[in-house]
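2 protein chains.
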Amino acid sequence: MVTAKKIPERVIFPKGEKIAGEKIANGHFTGSVWLHVLVPDDSTFHCPAFNVTFEPCARNNWHKHPGGQILLVTGGKGYYQEAGRNAQVIREGDVVMIHPCVKHWHGAAPDHWLSHIAISTNVQRGEAAWLEPVPDEEYRAIRSGE
Amino acid sequence: MVTAKKIPERVIFPKGEKIAGEKIANGHFTGSVWLHVLVPDDSTFHCPAFNVTFEPCARNNWHKHPGGQILLVTGGKGYYQEAGRNAQVIREGDVVMIHPCVKHWHGAAPDHWLSHIAISTNVQRGEAAWLEPVPDEEYRAIRSGE
Numbered sequence: 005m006v007t008a009k010k011i012p013e014r015v016i017f018p019k020g021e022k023i024a025g026e027k028i029a030n031g032h033f034t035g036s037v038w039l040h041v042l043v044p045d046d047s048t049f050h051c052p053a054f055n056v057t058f059e060p061c062a063r064n065n066w067h068k069h070p071g072g073q074i075l076l077v078t079g080g081k082g083y084y085q086e087a088g089r090n091a092q093v094i095r096e097g098d099v100v101m102i103h104p105c106v107k108h109w110h111g112a113a114p115d116h117w118l119s120h121i122a123i124s125t126n127v128q129r130g131e132a133a134w135l136e137p138v139p140d141e142e143y144r145a146i147r148s149g150e
Numbered sequence: 005m006v007t008a009k010k011i012p013e014r015v016i017f018p019k020g021e022k023i024a025g026e027k028i029a030n031g032h033f034t035g036s037v038w039l040h041v042l043v044p045d046d047s048t049f050h051c052p053a054f055n056v057t058f059e060p061c062a063r064n065n066w067h068k069h070p071g072g073q074i075l076l077v078t079g080g081k082g083y084y085q086e087a088g089r090n091a092q093v094i095r096e097g098d099v100v101m102i103h104p105c106v107k108h109w110h111g112a113a114p115d116h117w118l119s120h121i122a123i124s125t126n127v128q129r130g131e132a133a134w135l136e137p138v139p140d141e142e143y144r145a146i147r148s149g150e
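So the protein lines, in turn, are chains A and B.
Each residue of the first sequence is one higher than the one before, starting from 5 at the first, in our numbering.
Each residue of the second sequence is one higher than the one before, starting from 5 at the first, in our numbering.
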């Protein structure tokens with residue numbers, strides 16, 4: 005039986021390696037997150053793309069992309085929030101266009117995993133700036149409207 | 005019952021509008037093809053992305069992208085061929101990195117639909133150059149190796 009809690013091995017694209025969780029902590033995530041490189045960052049395409057999978061409750065810290073980022077949601081249910089706005093529910097089939105330098109975070113809902121493709125845009129403008137985590141009490145207070 | 009011949013209404017992302025087929029002929033395709041804009045071509049992200057769905061046997065003409073293109077195959081089975089090389093089978097989960105100015109075509113296999121996300125890279129280098137169709141006799145002669 006498949007339940008909402010089960011993390012899929014792939015949603016079309018491989019789940020990849022665990023980049024955060026109980027065994028690995030790089031400081032940019034809360035909970036377990038897996039990453040598979042679809043397109044490497046190179047000097048031909050300038051279009052790095054990743055498949056990212058979050059376990060329920062997992063999310064990244066607040067951060068900013070100098071060149072922006074595009075999320076193509078491939079499975080599950082999660083949240084996207086920009087600073088100063090309410091969190092939005094995101095689901096399979098949604099496209100999120102994150103403008104350059106907008107402070108934001110994204111991750112899974114409390115009772116669902118989330119998979120999305122993340123495409124880095126205008127990569128010549130530099131790396132993401134990582135900021136503070138989303139505290140548990142703020143995450144738990146999100147009302148998804150459903 | 006779902007069969008290989010049935011064209012899905014969506015593979016995660018919407019199928020979109022028919023851009024080629026019996027009712028519309030823009031000269032760049034053989035057979036019926038549907039397109040949904042995931043990310044428009046704009047001056048903020050510079051990263052247009054499309055969901056493209058081909059019926060069995062449908063394919064685009066030979067063409068070249070001055071800035072290259074990336075295909076993320078989301079469903080079905082098809083072919084990708086570069087000029088001077090054998091056609092390669094592409095399937096769900098495959099990533100195709102099409103280098104700038106390489107003459108190529110892509111489309112569905114004879115007995116399967118194909119859906120892929122197409123991301124245009126280095127868009128400042130200009131529009132695709134469209135060339136001749138892939139003749140039926142050449143398409144039918146492809147040996148998929150399976």
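Cβ atoms here follow ideal geometry from the backbone N, Cα and C, with glycine treated the same way.
Close partners of B:Gly80 in chain A (Cβ separation under 7 Å) are lacking, with about 11 Å as the shortest Cβ gap. Taking a C-beta distance under 8 Å as the contact criterion, A:Val138 and A:Trp109 qualify as a contact pair. Annotated three-state conformation of B:Glu21 is strand, per DSSP. The region 66-85 of chain B makes contact with the region 109-123 of chain B: 3 or more CB pairs, one atom from each, lie closer than 8 Å. Within chain B, the residues Ile16 have their CB atoms less than 8 Å from the CB of A:Glu96, given in chain order. For B:Glu141, the uninterrupted alpha helix (DSSP H) run begins and ends at Asp140 to Arg144, by DSSP.
B:Phe54 and A:Pro52 have their C-alpha atoms some 17 Å from each other. By the Cβ criterion, the region 35-42 of chain A is in contact with the region 56-67 of chain A, since at least three pairs of Cβ atoms, one from each stretch, lie closer than 8 Å. Excluding residues up to 5 positions away in sequence, Lys68 and Pro70 lie with their Cβ nearer than 7 Å to the Cβ of B:Cys105 in the same chain. In chain order, Phe58, Pro60, Ala62, Gly82 and Leu118 place their CB closer than 6 Å to the CB of A:Ala112, counting only its own chain and leaving out the 5 sequence neighbours on each side. Per DSSP, the continuous beta strand (DSSP E) segment holding B:Glu86 begins and ends at Gln73 to Glu86. Between A:His32 and A:Trp134, the C-beta gap is smaller than 8 Å, which places the two residues in contact.
Counting only the Cα atoms, A:Arg144 lies some 36 Å from B:Asp46. Within the DSSP secondary-structure output, A:Gln128 pairs in no beta bridge.
Contacts between A:Thr125 and chain B, judged by CB atoms closer than 7 Å, involve Phe49, His50 and Cys51 in chain order. Under the three-state reduction of DSSP, B:Trp117 is assigned to coil, being neither helix nor strand.
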